[in-house]
Amino acid sequence: MSTKNHFIPEHLEDEKQGLEVRVDTNAAHVKLSNCFTINYWRWSKLTTVKWKEENEETEIKETVPRIVSQGLRVFLSNRKTILTSLTINSKLLKAEIQNQISTAMENGLKLRNNPLQVKIVQFDVLDTEQVIALLKYMDPEVLTSIRFDSPDINKVINIQSWFNGEIFL
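Under the UniProt record's numbering, the first residue of the sequence shown carries the number 1, and numbering increases by one thereafter.
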């Protein structure tokens, strides 16, 4: 994955990695365990992106949520091995930014030839409808835990075909 274009550095995959994303309007933190950490922060009209492991830094004219969304789309579309966890959280995000992140994730998952294999999913930043839309692109045989921030549990229970391992893309 290209560092310059998508801000997710090239890395070796292993099945002990978890991806954690904390995103807010003017700052974000992306960490792939045992691999890399990327910090984003917005000053004036520029967003600074810094990779700690490679000690690289760049500035671009995009918002933090837009850059993080693009990186998520690329990461999710290219992931080959099982993720131990996929966590997306935030303290407070506007609905517009939630939609941007959800759409980017769904677009990345749609590009895959097979469902994403992830054991634990935690999407505190997305609403129940958005989480359900994303679950359709994940392998139910690998998934062991789904964590929501105040979900409408009845909607989740009603996706019985997904729990039965039926993939409906």
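Ideal Cβ positions, reconstructed from N, Cα and C, are used throughout, including at glycine.
All values reported here derive from a predicted model rather than from experimental measurement.
Pairwise C-beta distances place the region 72-92 in contact with the region 108-123, as three or more of them are shorter than 8 angstroms. Rounded to whole angstroms, the gap between the alpha carbons of V142 and S44 is 43 angstroms.
The continuous beta strand (DSSP E) containing V49 extends over residues L46 to W51. When the five nearest sequence neighbours on each side are left out, the beta carbons in the same chain lying within less than 8 angstroms of the beta carbon of P65 are those of V23, T25, A28, L93, I97, Q100 and I101, in order along the chain.
Nearest to S77 by alpha-carbon distance, out of K16, R147, F148 and L134, is L134. For R66, there is no enclosing beta strand (DSSP E); the enclosing alpha helix (DSSP H) covers residues V64 to N78. A straight line joining the alpha-carbon of N39 with that of E129 spans about 28 angstroms.
Here V125 carries a coil assignment [DSSP, helix/strand/coil].
Beyond the five residues adjoining it in sequence on each side, E15 comes within less than 6 angstroms, by CB distance, of T81 and I82 in the same chain, given in chain order.
For E15, the secondary structure class from DSSP, reduced to helix, strand or coil, is coil. Counting every other CB atom within 10 Å of its CB across the protein chains shown gives L111 a total below 16, marking it as exposed. Under the DSSP definition of a beta bridge, T87 partners with E20 and Q122. Cα atoms of D139 and I146: separation of roughly 12 angstroms, rounded to the nearest angstrom. Take Y137, set aside five residues on each side of it, and the residues of its chain with a beta-carbon closer than 8 angstroms to its own are E106, L109, K110, R112, P115, L116 and L169, in chain order. Taking G71 as reference, the option from N34, L46 and L19 with the minimal CA-CA separation is L19.
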